[in-house]
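Chemist: Before we start, here is the structure in question, set down as structure tokens.
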């Protein structure tokens, strides 16, 4: 007869195994849930949804994309008792309605259908427009009217206006941008002359005449620009919403259009990929709630790259001294404890330090010494790419030090002794044998540093991230990489779009998309580092690191 | 005398150009030191080796790890072109002694050495000795097989490259000579640029020997070189020792009694940090003068 014995059960360890397994499953479940939530909400954003037309009980019509359905939490009237549902629609047409989201009680809906002739327009201003085409005008002449004729000319016309738009963009960014750059350079030269106190009249006159030349060129370009704008204004489209209200807007403000209810699955899939690409490659519009997030992706990646370039040599050298050369004892132990604690210091503290030390002290001094002609406009004396990257490098250097030290400890003693036995000095043994073997450990440190730095927001807000950066930190003007510029960052973008945006509902999908892409960037950066590490491990297979 | 001033290895391509200046220092001292060494009386054990020119002379050596004494009053003469084996139970100090011979113990914190170790009559613990230079004269093969995670070629060329040999042709020659010296050339000549870690354990150990030979040492220290190898690989390395001792002085630490009796000419038995007996291997294994030696060899303790 076996009797159940609690002691025996506890001693057998099954409870413990269940506990461990349970802990792991809960962790995995939480991570999986988080990723799924981000994925569903983020990826759903790109899918072109059908436009539902609701006929209400009072005969009015509502047209929009379905967003959500929920049970009304508390009903106040008899007609709308508890338990009834309501739908949220994205009705667009912000210029007509004020808000582009609307809640509709299910009880008020008489009928719903999907009219095939409604068109969705994505505009540069005022968000989407959902409605029907009335007429298309070029100047005062009517090009087409009605749905079918309108659709026939819409695409060719849009392509034409997009070409004009492209020309405008080229002139504004390249030609006029270059002129502005040269004029600014000349202004700085003049200012530098003034500051140096030299009375080089010839030089001054030369620069001034050059500026006049440039300004004349600018006028020519500007005239061309005005002509193009006038040409663009010729093309207009008049649309009507479901209630019959008319709206005319220029083709220039149109990004794209599509027929949500008339598209097949493959067309939608194609558009899905297109939308995804647009978000990745375009600049934001409408207070960041629309358009793309390319500058933020670019800023994040560039910042992490510069941080890595700064943190690895710095951390590795420090770790080598601490591990290999410093006399082990009380002092090194205290330094180790300090380094470990530094890894746990809240990041905002590093941000404050970065602002005080890098931006104001170092940057301010640099400005006075080398960029005096630009003052009072600060060059390096304000937040920017370089200071943000260095602040994050400072924040992550403890991680690299700890990982490098561990990597060095993991190199078998036999490798050191083997190389020393062949007449190598300590430095030669370290450089030729120990350090290559410790590389995977060092890269582990870099991976941890990248993971921490990519998602960091607080210190960046103090040291150089902005809501909307006018230009990327890399461009065609010497010195091409402008580390003094402010930049955009995915983490800050999430905060800004999600919590600083006036249009909360419109911003919601953007928050998820940005989050999703931030996670993606972290994963990709880590994968790159992991791949390098794997290759190194293979090369040094047999070493236990 | 002659055997010392003559380079022991004459087929190494490094002989002409890269013998370090230290050797001239050594050679200069030899004529004087040799006389004085003969005057010195040999240590207590009535050593049969007094008549030989010792390659290495260990005189009154004590060694401490912190406050723990690992070796006490060790005196021995290691003759040139012979294989000398150190045997004894674990922790008796034989590996410590071996590592003192190329000053590898310098790297261990808190160690202290007393007494003298003379290489060709010159104290290797003299302050003006260049340690890295010394280590190119006294090569070492370790218990744990430790080829670097590089290619076979890079492993062998590592030592010469440290001495600033840069010419590819010279390096190729050194690699070939050394691998031939270690009896590995035929097996690896077609894959010199593959990873050394792809070799078998025995091959790796012979590669380590080749690597040590590449810097052209006079003395080769071997710390239980076969303890991790199978009998066939062990056999090959033992054969190798027989050919190598024509050019080198070999000191080998081993736990394997049969190995000591097979490969060595002389054997020293250590116990608790003391050199108990040091004699011809034949004498040690057939007619030891100390009962403790006999007990250990016949397996009655240890």
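Residue numbers (my numbering), protein chains in the order written: chain A, 7 to 551; chain B, 132 to 433. Built from N, CA and C at the ideal position, the CB exists for glycine as well.
1. Give me whichever residues DSSP pairs with residue 191 of chain A in a beta bridge.
2. What does the alpha-carbon distance come out to for the pair residue 476 of chain A and residue 284 of chain A?
3. Taking the C-alpha atoms as reference points, what is the distance between residue 444 of chain A and residue 434 of chain A?
4. Which one of A/12, A/534, A/69, A/343 has the shortest CA to CA distance from residue 249 of chain A?
5. Is residue 346 of chain B close to chain A? Criterion is C-beta to C-beta, closer than 7 Å.
6. Between the C-alpha atoms of residue 45 of chain A and residue 145 of chain A, what's the straight-line distance to the nearest angstrom?
7. Does residue 174 of chain B come within less than 7 Å of chain A when only Cβ atoms are used?
8. CB residue 272 of chain B to CB residue 343 of chain B, shorter than 7 Å?
9. Helix, strand or coil for residue 51 of chain A? Go by DSSP, reduced to three states.
10. For residue 221 of chain B, name the three-state secondary structure that DSSP assigns.
11. Would you mind stating whether residue 447 of chain A and residue 413 of chain A have Cβ atoms separated by less than 7 Å?
12. I'd like the span of the alpha helix (DSSP H) that includes residue 354 of chain A, first residue to last.
13. Does the Cβ-Cβ distance between residue 380 of chain B and residue 350 of chain B come in under 7 Å?
14. How about residue 47 of chain A and residue 518 of chain A: do their beta carbons lie closer than 7 Å?
15. With three or more beta-carbon pairs closer than 8 Å as the criterion, would you say the stretch 481-492 of chain A touches the stretch 12-23 of chain A?
16. Which residue or residues does DSSP assign as beta-bridge partners of residue 256 of chain A?
17. Check whether the stretch 282-301 of chain A touches the stretch 263-272 of chain A, counting contact only when three or more Cβ pairs, one atom from each stretch, lie closer than 8 Å.
18. Would you verify that the beta carbon of residue 388 of chain B is, or is not, closer than 7 Å to some beta carbon of chain A?
19. I need the boundaries of the alpha helix (DSSP H) containing residue 336 of chain B, first residue and last residue.
20. Quick test of the definition: if touching needs 3 or more C-beta pairs under 8 Å, does the stretch 483-493 of chain A touch the stretch 501-515 of chain A?
21. Whole angstroms are fine: how far does the CA of residue 39 of chain A sit from the CA of residue 20 of chain A?
22. Hey, is the stretch 101-118 of chain A in contact with the stretch 145-157 of chain A, meaning 3+ C-beta pairs nearer than 8 Å?
23. For the structure I just gave you, are there three or more beta carbon pairs, one from the stretch 353-373 of chain B and one from the stretch 183-196 of chain B, closer than 8 Å?
24. Is it right to say residue 298 of chain A is buried, meaning 16 or more other beta carbons lie within 10 angstroms of its own, or is it exposed?
25. Would residue 309 of chain A and residue 394 of chain A be called neighbours here (beta carbons separated by less than 7 Å)?
26. Could you compute how far the alpha carbon of residue 341 of chain B sits from the alpha carbon of residue 382 of chain B?
27. How far does the alpha helix (DSSP H) with residue 499 of chain A in it extend, from its first residue to its last?
28. What's the call for residue 6 of chain A, buried or exposed, on a 16-neighbour Cβ count within 10 Å?
29. List the DSSP bridge partners of residue 193 of chain B.
30. Please tell me whether residue 290 of chain B has its Cβ less than 7 Å away from any Cβ of chain A.
31. Over what stretch of residues does the beta strand (DSSP E) that includes residue 441 of chain A continue unbroken?
32. Helix, strand or coil: how does DSSP classify residue 438 of chain A here?
33. Which residues, in order along the stretch 442-476 of chain A, keep a beta-carbon less than 7 Å from a beta-carbon of chain B?
Modeler: For this structure:
1. The count along the first chain starts at 1 and reaches residue 191 of chain A at position 185. For residue 191 of chain A, which the question treats as bridged, DSSP gives no partner whatsoever.
2. Start at 1 with the first residue of the first chain, and residue 476 of chain A comes out as number 470. Start at 1 with the first residue of the first chain, and residue 284 of chain A comes out as number 278. If you take the alpha carbons of residue 476 of chain A and residue 284 of chain A, they lie about 19 Å apart.
3. Here residue 444 of chain A is taken as the residue at index 438 of the first chain, counted from 1. Here residue 434 of chain A is taken as the residue at index 428 of the first chain, counted from 1. The straight-line gap from Cα to Cα measures roughly 15 Å.
4. As a position in the first chain, residue 249 of chain A is number 243, starting the count at 1. Closest by alpha carbon: A/69.
5. The count along the second chain starts at 1 and reaches residue 346 of chain B at position 215. Yes, residue 346 of chain B lies at the interface with chain A (some Cβ there is under 7 Å from its Cβ).
6. By one-based count along the first chain, residue 45 of chain A stands at place 39. By one-based count along the first chain, residue 145 of chain A stands at place 139. Answer to the nearest angstrom: the Cα atoms are 46 Å apart.
7. Taking the first residue of the second chain as position 1, residue 174 of chain B is located at position 43. Interpretation of residue 174 of chain B is limited by its pLDDT of 40, a score under 50 that renders its predicted location unreliable; the figure taken from the coordinates is listed afterwards. No, residue 174 of chain B lies away from the interface with chain A (no Cβ there is under 7 Å from its Cβ).
8. Here residue 272 of chain B refers to the residue found at position 141 of the second chain. Here residue 343 of chain B refers to the residue found at position 212 of the second chain. Going by C-beta atoms, residue 272 of chain B is nearer than 7 Å to residue 343 of chain B.
9. The residue given as residue 51 of chain A occupies position 45 in the first chain. It is coil, neither helix nor strand.
10. Position 90 of the second chain, counting from 1, holds the residue named residue 221 of chain B. Of the three classes helix, strand and coil, the one that applies to residue 221 of chain B here is coil, per DSSP.
11. One-based indexing of the first chain puts residue 447 of chain A at position 441. One-based indexing of the first chain puts residue 413 of chain A at position 407. A contact, by the Cβ cut-off of 7 Å.
12. Here residue 354 of chain A corresponds to residue number 348 of the first chain, with the count starting at 1. Run containing residue 354 of chain A: 353-359, per the alpha helix (DSSP H) assignment.
13. Your numbering for residue 380 of chain B matches position 249 in the second chain. Your numbering for residue 350 of chain B matches position 219 in the second chain. Going by C-beta atoms, residue 380 of chain B is nearer than 7 Å to residue 350 of chain B.
14. Within the first chain, the letter at position 41 stands for residue 47 of chain A. Within the first chain, the letter at position 512 stands for residue 518 of chain A. Contact: yes.
15. no
16. For the purposes of this step, residue 256 of chain A is taken as residue 250 along the first chain, with counting starting at 1. Partner(s): A/242.
17. no
18. Here residue 388 of chain B corresponds to residue number 257 of the second chain, with the count starting at 1. No, because no Cβ of chain A sits closer than 7 Å to the Cβ of residue 388 of chain B.
19. Position 205 of the second chain holds residue 336 of chain B. Segment 332-345, the alpha helix (DSSP H) holding residue 336 of chain B.
20. no
21. What you label residue 20 of chain A is simply residue 14 of the first chain in a count that begins at 1. What you label residue 39 of chain A is simply residue 33 of the first chain in a count that begins at 1. Each residue's alpha carbon lies about 28 Å from the other.
22. no
23. no
24. Mapped onto the first chain, residue 298 of chain A falls at position 292. Per the 10 Å Cβ criterion, buried.
25. Position 303 of the first chain, counted from the start, is the residue given in the question as residue 309 of chain A. Position 388 of the first chain, counted from the start, is the residue given in the question as residue 394 of chain A. Against a cut-off of 7 Å, the Cβ pair of residue 394 of chain A and residue 309 of chain A comes out as a contact.
26. As a position in the second chain, residue 341 of chain B is number 210, starting the count at 1. As a position in the second chain, residue 382 of chain B is number 251, starting the count at 1. Distance between the alpha carbons of residue 341 of chain B and residue 382 of chain B is about 16 Å.
27. As a working note, residue 499 of chain A is residue 493 in the first chain. Where residue 499 of chain A is concerned, the enclosing alpha helix (DSSP H) stretches over 496-505.
28. A query on residue 6 of chain A cannot be resolved here, the shown segment of chain A reaching from 7 to 551 and no further.
29. In the second chain, residue 193 of chain B corresponds to position 62, counting from 1. BP columns for residue 193 of chain B point to B/245.
30. On the second chain, residue 290 of chain B is found 159 positions in, with the first residue counted as 1. By this cut-off, residue 290 of chain B is an interface position.
31. Locating residue 441 of chain A in the first chain gives position 435, where the first residue counts as 1. No beta strand (DSSP E) holds residue 441 of chain A; the alpha helix (DSSP H) holding it covers 441-460.
32. As a working note, residue 438 of chain A is residue 432 in the first chain. In this structure, residue 438 of chain A counts as helix in the three-state DSSP scheme.
33. 443
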